[in-house]
Structures are given as structure tokens and as C-alpha cells.
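Numbering (my numbering), first residue to last: 1383 to 2020.
Glycine included, C-beta positions come from ideal geometry on N, C-alpha and C.
Since the model is a prediction, treat every value here as computed from it, not as a measurement.
Here's the structure we're looking at; comments come further down.
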Amino acid sequence: MITILSRTVLLLLAGFTLSPARAADPAAYPPTTTEGEIRTLVQSLHLPRPRLLVRPGEWERLRSRVRQEPRFAAIAGRVRRDADAMLGVAPIKRELIGRRLLAESRRALRRMLTLSLTFHLTHESKYADRATQEMNAIAAFSDWNPNHFLDVAEMTLAMAIGFDWLHEQLDESTRAAARAAILTKGVRVPLDTQHNRWTTMANNWGQVCHAGMVAGALAVLEDDREAAALTIHRALANVPRAMAAFAPRGSFPEGPGYWSYGTTFNVILISLLENALGRNFGLDQAPGFDQTGAFLALATGPSGLTFNFADGSARRYCEPAVHWFAARYLRPEWLAGDGPALRRELDAPGNGTSGNRFLPLLLLWAQEDSGADYSRLPLHWTGDGAAPIALHRSSWTDPNGVFVGLKAGSPTGPHGQMDIGSFVLDADEQRWAVDLGAEDYQLVEDHKATRWAVFRQNSFGHNTLVIGGALQVPTGRAQIVRFSVDPAFPHSVVDLSPVYAGQATTVHRGIALLPDGRVLIRDHLTGLKPGVAVRWGMVTTATPGETGSDVLELRQENESARLRIHQPTGAVWALVDTAKSREKWDSPNPGTVMAAFTVRTPASGTLDLSVVFSPGSREGAPAVPLPSGPPFDWSLPR
1383 MITILSRTVL LLLAGFTLSP ARAADPAAYP PTTTEGEIRT LVQSLHLPRP RLLVRPGEWE
1443 RLRSRVRQEP RFAAIAGRVR RDADAMLGVA PIKRELIGRR LLAESRRALR RMLTLSLTFH
1503 LTHESKYADR ATQEMNAIAA FSDWNPNHFL DVAEMTLAMA IGFDWLHEQL DESTRAAARA
1563 AILTKGVRVP LDTQHNRWTT MANNWGQVCH AGMVAGALAV LEDDREAAAL TIHRALANVP
1623 RAMAAFAPRG SFPEGPGYWS YGTTFNVILI SLLENALGRN FGLDQAPGFD QTGAFLALAT
1683 GPSGLTFNFA DGSARRYCEP AVHWFAARYL RPEWLAGDGP ALRRELDAPG NGTSGNRFLP
1743 LLLLWAQEDS GADYSRLPLH WTGDGAAPIA LHRSSWTDPN GVFVGLKAGS PTGPHGQMDI
1803 GSFVLDADEQ RWAVDLGAED YQLVEDHKAT RWAVFRQNSF GHNTLVIGGA LQVPTGRAQI
1863 VRFSVDPAFP HSVVDLSPVY AGQATTVHRG IALLPDGRVL IRDHLTGLKP GVAVRWGMVT
1923 TATPGETGSD VLELRQENES ARLRIHQPTG AVWALVDTAK SREKWDSPNP GTVMAAFTVR
1983 TPASGTLDLS VVFSPGSREG APAVPLPSGP PFDWSLPR
């Protein structure tokens, strides 16, 4: 195991400076600094350039790393391939998709980070010239679409980066146009107009928009110090509302996909403050923030896919913010799962139109994960907060390891879906139980569909229970009521009763990793109306075998698995088509199918459902007896 001292030495040798600005800020949390104090501080500032995210002298350090470290050179080469591809494409246009300019704003941010960094790594003027062309085009837009303020935030950050990082390379007319645009189309908009309702939002909007506005304010600080002071104070006063999502143990209620979005901008905000003002005013003291760097590692299964609850894709991307956390808190094991994602990035050809816009930040924050002790990561973990989840895995190093994630919470949470009680499941490097992920927002809006009419978002499209053909209760909130890390019987139980209110009196779902490598999913329902149909379902990308019995064989790639219904007797497997679109606002889900069975409730109104998943790699292993009793009273026979 690497000691704290040796990890510190490794990070220092890698070029990461543990400067006072990157140490924990001793200020109180939430920040208590007054508007007057911020105004006084801002009035006294005389900042050199670059001032956003990097400091004077940083470019030479990065060039030195490119010369000396092959892995860092590979990252720089990947970013340069993108920059080269951007040279031949036209600047973005003010073209909205529905009500959003967001796609263009994100494209602008990716181009400004990529072109600006590549210029400083190569000193080749063609990259600065191309960035200048982009900036002039953006500055000429009538506005940056303040009706959807995320668009303004990302565009302001893009322009601020170009203005600051390429300040010496820009001609005076470009500087003037960029300066005016940053102020009038970005920073001053929420100060002078009604486009400021986002300022108190408690979701990713708060993180993204405050970071974008602070970047713009600092970039053109000398032109409007009063606007800068108001913008910085407003961020300090309000971003803790969004950072409350990290409490208590670093989970994120909007899922791994939106963790990447909101948390990356949260890190950008803290870095902006530290680099320009020398402190973050205690923002890094938010409860759970010092643990959230582990969230993506914990939520990524052996398949390399994430537990993509809420509106998100299961694909794991290279996340520069995870490197920032790993370095700051000396936890290289938090990079677990990032290596394969980074290799995919490094192998990709250059792309001038789309891609990971945050990738260039890896050149600022990249850390090695060599020597990381993954045993420091828990095999079993639960995150409370607005969207409780439970995660269980058999190993961090066995490629045939088993992983299962279970979801609680409420459908009405941020980016919430009717996925309460739903689960994902990995074994033998394959994902067997999948979440279909997010629906296309624009498709839903074009057809004016309500959220719970959308298949991917309602309970019909998730790995959970459907009682009497009804949806889950949107306002219900389920809690994890049991969580065990006992190596002989790790398991979690969620009380689903609130999301089935009016359909059943009590509903409990338990999921357990059995010592023989199998996974047990057990449901206990009471107070059901006799005769009502209850459906159990699991969406999979595997190819199912013959249905009509209590055993269903699954095949995927070169692996196999088996689902067996243990309770109730007589239940048999059927298939539900999830591949085809159900409504005009639903996207197709090619390559998927739901393994399901439906049973009728007996006269007692009580129903027990038990399904066991058996990985092919564990075929022939001695089977342990299944636990008896309902999930809330589980104990494993000894």
C-alpha cells in the first residue's frame, strides 16, 4: 500500500504543486464573506495573465511535461489532433435546436480550450488565428440565448478562456469585441435583466452558471470591477445550494452523467477563485465534497459502464475532474475506471466538430494511477442524500467480478425517473441488467409529451415492479432500510412502499451478493388487491434463450448467464419488446429486450418474488442455500 508520504512525493515529482491555494481553505462553510468584503478585495486586484485556471509560468511547465513524460505527451498529441481538425471547419453559428443554443456553446468551449492550449504547447500561430476567428464570430451573435442560461454560461466560459489565454495573441479589435461580448452578453445579463432565476437553483445549473459567470467576470475584471464583485459574491452565496447534493458521502442525485457536468464546473469555479483570488472561501469544505472524487469509480462496474440512474448514458468517459480530486486529496485509487476511458480517448482520431470538451483540462490536472491501492475503495457502499443508492461488488481486481447497483429515492428528484427499486448488474465483464438512460430532450419537447409518458423515464422501462399496470407514485420517496457489508452476505433492502402507495401496503426489495457468486433479487409485497397483476422486469442487451419456463438462459459476447425464478412456483419467463419505439416521442432502444414474468396476487394479498442471477463463470460452483424470510428480515443460513 502506498503511504500518504510516498503518494505526496509521487505527485510532487509528477509536477503537481501542493500550493496553499490548492490546500483546504480554512474559511467557514458555507461562505460568510460579505458583498462589501468581496468588493474591497476585487478593487485591489491587479492580476497578471493567464489568470483563469492556470498561472503565469504554467505553459512552460506543461511543455516540459510533454517533453519528459510519454503519457502526458500522448494526451497532448490527442488534443492537438482535435485542434488540427478544427482548423478546417467553419466557426459556430447562432443556430438553436428547439429552445437551446447549448450544442453550439459546448462546441465553442471545446474549441477554445483545445486551440488555446495547443497554441501554448506548440507556439504555432495557426491555432491562435483559428481561435481568433471563432471568437469574432461568437462576439457578433445578437445574444447567447439567455432564455436558456446554460447556453450563456458555457459560451461565456469559452470566450473568457480565449480572451485570457490568448490575450497577447489577439489583435486589439478582437480584444475589444470579446471584452464587450463577455460583459454585455454574459456577465451583466443576470445583473441587469430578469434572466437570473438560475442563481438559486440547487441542481447542476447552479454549478455551471455560476462558474461561467465568474470566469467572465475575472477575465475582464479591469472593465467592470463592480460587476465582478457582485458576480463573485452571488456565486459564493448561492452555489452551496447545489453543492448540498454531495452530502453526506459524495454521492450525486443526478447520476454519474450529470456528476461529470455539474462537478466539473464546480471544480472549475473553485480553481478560478483559487488561481485569481488565492482562496476558495471555504467552498471545498462542503459536506461530502472531499469524498465525491470516488463517486465515478464506485459507480462504474467491471463492464466499464456506470450505474446510469437519472438522465444519463452508461458510458464512462475520461474525466479530468477525477484527476483534480485524486491529486487534491491524495487518493490515486479514485482513478479506478479512468484508464480504459482515457485509452479510448487517446486512440481516437482528431475531431473538429464533436467530442469531450473537457479533455484539454486533463493537461492541467492529469495524474498517474500507477501504484494505486484499490483495496482502499470499498466493495460495498451506500450514498444517502436526495437519491440513495447501494452498490455491491465482489472484487476490484477480478475481471469476472460481480457488481450490482440498487436505486432508491424519488421520481421527482433532479433529473429523476421512475427507476425506484431498479438495478444494474455486471458479471464476467458484461452488463446484464441495463438502464436505458436519458431520452432526447428535444424529441420529448417537440411532441409536448409529459415526463411520465416517456418509456425511458417511467416505470414500464425500468428494472423494477409494475403493479396493476400503474406507474410509480411520482411524489413517493423510498429509503434504503438495510445495508450490510458482511462478507458472507452483503446485501441492501429498499422500502418501496411510498412509491407504490395506493397499490400495496408494503413493498420491500432486497438485493444480495451470495457467497457462490450469484445475485438474489427478492421482493415482498403486502396489502395487494387479490388478483392484481404484478410484473417483474429486467432490461438486457443479452440474447435470451427459450421462454416459457422458470429458467432463462442469456448470452452476450462469449459469456453466458442464467435467470431463475424461485418464487412464486409456476411463474415463467416471457419477453417484452423494448427495442421499438412505443410512442412518437420515444426513441428506439435497439439491441435490448426485457426479461419479465407476471403473476396474479393470491387472496391473502401477499406476494413473494425471488429471482436468482447466475454468472456463467460460476457455473458448477457449490450453491449456497438462499436466505429465508422477507428482505427486511434477511439472514443467511449458516
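Under the three-state reduction of DSSP, which class applies to residue i: helix, strand or coil?
i: THR1764; result: strand
i: PHE1523; result: coil
i: LYS1789; result: strand
i: TRP1814; result: strand
i: VAL1848; result: strand
i: GLN1589; result: helix
i: LEU1934; result: strand
i: ILE1373; result: This structure cannot settle anything about residue 1373, because the visible part of the chain is limited to 1383 through 2020.
i: PRO2004; result: coil
i: ARG1697; result: strand
i: TRP1918; result: strand
i: THR1929; result: coil
i: ILE1543; result: helix
i: PRO1856; result: coil
i: GLN1949; result: strand
i: VAL1875; result: strand
i: HIS1906; result: strand
i: VAL1602; result: coil
What number of angstroms, rounded off, separates the C-alpha of residue i from the C-alpha of residue j?
i: LEU1945; j: ALA1956; result: 12 Å
i: GLN1749; j: ALA1708; result: 8 Å
i: ASN1840; j: PRO1793; result: 9 Å
i: THR1371; j: ILE1457; result: No information on residue 1371 is available, as it lies outside the stretch 1383 to 2020 that the chain covers here.
i: LEU1478; j: LEU1484; result: 8 Å
i: ASP1525; j: ASN1518; result: 13 Å
i: ALA1852; j: ILE1420; result: 53 Å
i: ARG1859; j: ARG1476; result: 41 Å
i: ALA1560; j: ASP1553; result: 11 Å
i: LEU1491; j: ALA1681; result: 27 Å
i: SER2010; j: TRP2016; result: 7 Å
i: HIS1502; j: PRO1430; result: 17 Å
i: MET1976; j: LYS1911; result: 25 Å
i: PHE1865; j: GLY1675; result: 22 Å
i: HIS1577; j: GLU2001; result: 60 Å
i: GLN1589; j: ALA1924; result: 38 Å
i: PHE1634; j: SER1642; result: 10 Å
i: ALA1403; j: THR1888; result: Its pLDDT being 36, under 50, ALA1403 is placed unreliably by the model, and the measurement read from it follows with that caveat. Between ALA1403 and THR1888, the C-alpha separation is close to 52 Å.
i: THR1929; j: ASP1666; result: 53 Å
i: LEU1989; j: PHE1842; result: 20 Å
i: LEU1678; j: PRO1638; result: 6 Å
i: LYS1567; j: SER1804; result: 43 Å
i: ARG1481; j: ASP1574; result: 22 Å
i: ASP1407; j: PRO1473; result: 40 Å
i: LEU2008; j: ASN1620; result: 50 Å
i: THR1556; j: GLU1451; result: 36 Å
i: ASN1527; j: ARG1489; result: 15 Å
Indicate whether residue i and residue j have their beta-carbon atoms separated by less than 8 Å.
i: ASP1720; j: CYS1700; result: yes
i: GLY1732; j: ASP1466; result: yes
i: GLY1594; j: THR1504; result: no
i: ARG1698; j: VAL1424; result: no
i: ALA1601; j: LEU1759; result: no
i: ALA1584; j: ALA1599; result: no
i: VAL1933; j: ALA1953; result: no
i: ALA1597; j: ALA1542; result: yes
i: ILE1947; j: PHE1979; result: yes
i: THR1779; j: ILE1771; result: no
i: GLY1787; j: GLY1694; result: no
i: GLU1417; j: HIS1615; result: yes
i: VAL2021; j: ALA1703; result: The shown model of the chain, from 1383 to 2020, leaves out residue 2021, and the question about it has no answer.
i: GLY1683; j: VAL1867; result: no
i: ALA1409; j: ARG1661; result: yes
i: GLY1795; j: ALA1835; result: no
Would you please state the rounded distance, in angstroms, between the beta carbons of residue i and residue j? I believe it to be under 8 Å.
i: ALA1894; j: LEU1902; result: 5 Å
i: THR1514; j: VAL1461; result: With 8 Å as the limit, THR1514 and VAL1461 do not qualify as a contact, their Cβ atoms being about 19 Å apart.
i: ALA1809; j: ALA2005; result: 16 Å between Cβ atoms; not a contact.
i: ALA1886; j: ILE1849; result: 6 Å
i: THR1822; j: ALA1696; result: The amino acid occupying residue 1822 in the given sequence is Asp; Thr does not appear at that position. With 8 Å as the limit, ASP1822 and ALA1696 do not qualify as a contact, their Cβ atoms being about 16 Å apart.
i: HIS1873; j: HIS1890; result: Incorrect: roughly 12 Å between the Cβ atoms, too far for contact.
i: SER1487; j: GLU1536; result: 4 Å
i: GLN1861; j: ASP1877; result: 6 Å
i: ALA1563; j: ALA1521; result: 4 Å
Practice item. Spell out a yes or no on whether the stretch 1772–1782 and the stretch 1528–1548 are touching, meaning 3 or more CB-CB pairs, one atom from each, closer than 8 Å. Key: no
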